[in-house]
Structure formats: structure tokens, C-alpha cells
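Participant: Counting from 1, position 183 in the sequence shown corresponds to residue 351 in our numbering; the numbering is continuous, with no gaps.
Heads up, the beta-carbon is just placed ideally off N, CA and C, and yes, glycines get one too.
Note that the structure is a prediction, hence the values are computed from the model and not measured.
I'd like to ask some things about the structure below.
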Amino acid sequence: MSQPAPPPRIHYYPNKMGRIVLLSLEETLGRNGLNAVLNLAGLHYLINNYPPNNLDAGFPFDDIGAIHQSLEEMYGPRGGRGLANRAGRACFKYGLREFGPVLGISDLAFRLLPLNMKLKVGADVLAVTFSRFADQSIRLEEDPTSFRLHIAPCPVCWGRKTNTPCCSLAVGVLQEGLYWVSGGKNFMVEEVACIAKGDPACTMQVSRQPLD
Ligand SMILES: [Zn+2]
């Protein structure tokens, strides 16, 4: 007799991270735009009612996936992903303010490291932050020209099915993080695999060499 399949595990972000995602979307879409997206996603309970700023695991991945789904329904896949990318950049800014002091990356010692060391330490810190504070593991892989971050499970595309990689919010977080770490340089960040299109992880490929 075969056992019934266990129910799928529910994953959560800490409230603080859910709050950061909503504040960043509000900054990008405006309050009315975000309210419309939340309405369409069936998340009325979040309208003017963001999660508290604490580390309790209270913000389900389902909600983050649903928000991205309705972003694309409202603005089209291209428009929605562009907005998610901008919101991701804002997430890094809010996230740094909340988590930077705890993680030591706001310290002078970090700022004085050479760029290639900063990239390495920054990528490690990012992986540790999400594994420690959220229900999300990030595995880092590197070669001489690039870093690859393998994200699984991924809240951005949670519960979604798409034909092309769709985790633009995560790409934006990385782009802004690299911009900050390098003191104002832009790097190529590309999502080369995505769980929503059937891959085992969402994989972000980051060139070590800045574009400018
Ligand atoms: Zn994803």
C-alpha cells in the first residue's frame, strides 16, 4: 500500500521581509497601483495593513507568488516584470537598512575590501541572510567569470507556471546589491533557470566584470 503524498509544505518569509516587499512595491506602483494588484491577487487583507516589522514567520510564499502573478496580469508580462525589477532594487535598499547592521556589511571594514572580495563576501552574506531569516536556501557556485546563485524554494515564482524565467524582483535585488557593493557599478544579472518553467531552482547568473 502506498502512502498518501504529504501535503505541500507551506513556506514563509519573516514579517519584516514581507513588509519590505510591500513597501518597495508601493514605492514603485504608488499606493493605488499596489492596492489594485493586491485586490486582483485576492489579498485584500494586506491593503493598508502591512505585516508588522518583526521576524515572526508570518508572510506566506503563496502571497508573494500571487502578487507577481497579478502584477503581470495588470501590466502585461513585460511591464509587470519591469516593475518587479524596480521594486526589487528598492527591496535591497530597505533590506540593507533593516539587516545591514546585523550582518556587518555596513561596517567600514567591509567597505575597504577590494571589489572581488566584496562580491564574494556580499554573495555569501546574501545566501546566509536568506537561509537564516527566511525559509529559502540560496546556494552559491562560482567560476572565474561569474557567480551563480541557486534559489530554492523561491517565493517570487511560488505557485506559478511560466514559459520564461519570471523572478525579476530577485534580479533587481541583486542588481542593486551589486551596485551598492561596488560603489556604483552595474553588473549583468540574468535569470538562467526558473522553477516556474520547470527547473529545479531559480538560478541567477552574475558576471564578475562590471558593465561600465
Ligand atoms: Zn523563482
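Report the residue from 357, 178, 334 and 223 whose alpha carbon sits nearest the alpha carbon of residue 239.
Facilitator: Working through the sequence shown from its first residue, we reach residue 239 at position 71. Comparing Cα positions, the closest option is 334.
Participant: Does the Cβ of residue 313 have 16 or more other Cβ atoms within 10 Å, making it buried, or fewer, making it exposed?
Facilitator: As a first step, residue 313 is located in the sequence shown; it is residue number 145 there, counting from the start. Exposed, because fewer than 16 other Cβ atoms sit within 10 Å of the Cβ of residue 313.
Participant: In the DSSP assignment, the alpha helix (DSSP H) including residue 181 goes from what residue to what residue?
Facilitator: Taking the first residue of the sequence shown as 1, we reach residue 181 at position 13. Counting along the chain, residue 181 falls outside any alpha helix (DSSP H), though it belongs to the beta strand (DSSP E) covering 180-182.
Participant: Would you tell me roughly how many angstroms separate the C-alpha atoms of residue 425 and residue 376, rounded to the nearest one?
Facilitator: Here the chain has residues from 169 to 380 only, and residue 425 is not among them.
Participant: Within 10 Å of its beta-carbon, does residue 297 have 16 or more other beta-carbons around it, so buried, or fewer, so exposed?
Facilitator: Stepping through the sequence shown from its first residue, residue 297 is reached at position 129. With 16 or more Cβ atoms within 10 Å of its Cβ, residue 297 is classed as buried.
Participant: Can you tell me whether residue 360 is buried or exposed? The criterion is at least 16 other CB atoms within 10 Å of its CB, across all chains shown.
Facilitator: As a first step, residue 360 is located in the sequence shown; it is residue number 192 there, counting from the start. With fewer than 16 other Cβ atoms within 10 Å, it is exposed.
Participant: According to DSSP, residue 194 sits in a beta bridge with which residue or residues?
Facilitator: Locating residue 194 in the sequence shown gives position 26, where the first residue counts as 1. Bridge partners of residue 194: none, in fact.
Participant: Consult DSSP for residue 228 and reduce its assignment to one of helix, strand or coil.
Facilitator: As a first step, residue 228 is located in the sequence shown; it is residue number 60 there, counting from the start. Strand.
Participant: Cα separation between residue 248 and residue 265?
Facilitator: Walking along the sequence shown from the start, residue 248 turns up at place 80. Walking along the sequence shown from the start, residue 265 turns up at place 97. Computed Cα separation, rounded: 26 angstroms.
Participant: Relative to the C-alpha of residue 275, which residue among 302, 226, 233 and 349 is closest?
Facilitator: The count along the sequence shown starts at 1 and reaches residue 275 at position 107. Measuring from the Cα of residue 275, the nearest candidate turns out to be 349.
Participant: What does the alpha-carbon distance come out to for the pair residue 214 and residue 206?
Facilitator: Your numbering for residue 214 matches position 46 in the sequence shown. Your numbering for residue 206 matches position 38 in the sequence shown. Approximately 7 angstroms, taken between the alpha carbons.
Participant: If we ignore side chains and look at the alpha-carbon of each, how far apart do residue 323 and residue 254 end up?
Facilitator: For the purposes of this step, residue 323 is identified with residue 155 of the sequence shown, where counting begins at 1. For the purposes of this step, residue 254 is identified with residue 86 of the sequence shown, where counting begins at 1. Distance between the alpha carbons of residue 323 and residue 254 is about 17 angstroms.
Participant: On the three-state DSSP scale, how would you describe residue 324?
Facilitator: Mapped onto the sequence shown, residue 324 falls at position 156. Residue state, collapsed to three classes: coil.
Participant: Determine the contact status of residue 202 and residue 211, defining contact as a CB-CB distance below 7 angstroms.
Facilitator: As a working mapping, residue 202 is identified with position 34 in the sequence shown. As a working mapping, residue 211 is identified with position 43 in the sequence shown. For residue 202 and residue 211, no; Cβs fall outside 7 angstroms.
Participant: Measuring only from the beta carbon, is residue 296 closer than 6 angstroms to any heavy atom that is part of ligand 1?
Facilitator: Numbered from its first residue, the sequence shown carries residue 296 at position 128. No, Cβ of residue 296 sits at least 6 angstroms from all heavy atoms of ligand 1.
Participant: Tell me whether residue 370 sits in a helix, a strand or coil according to DSSP, three-state version.
Facilitator: For the purposes of this step, residue 370 is taken as residue 202 along the sequence shown, with counting starting at 1. DSSP places residue 370 in strand when its eight states are reduced to three.
Participant: Taking Cβ to Cβ, would you say residue 295 is nearer than 7 angstroms to residue 181?
Facilitator: Your numbering for residue 295 matches position 127 in the sequence shown. Your numbering for residue 181 matches position 13 in the sequence shown. No. Outside cutoff.
Participant: If distances are taken between C-alpha atoms only, which option among 223, 233 and 338 comes closest to residue 330?
Facilitator: The count along the sequence shown starts at 1 and reaches residue 330 at position 162. Ranking 223, 233 and 338 by Cα distance to residue 330 puts 233 first.
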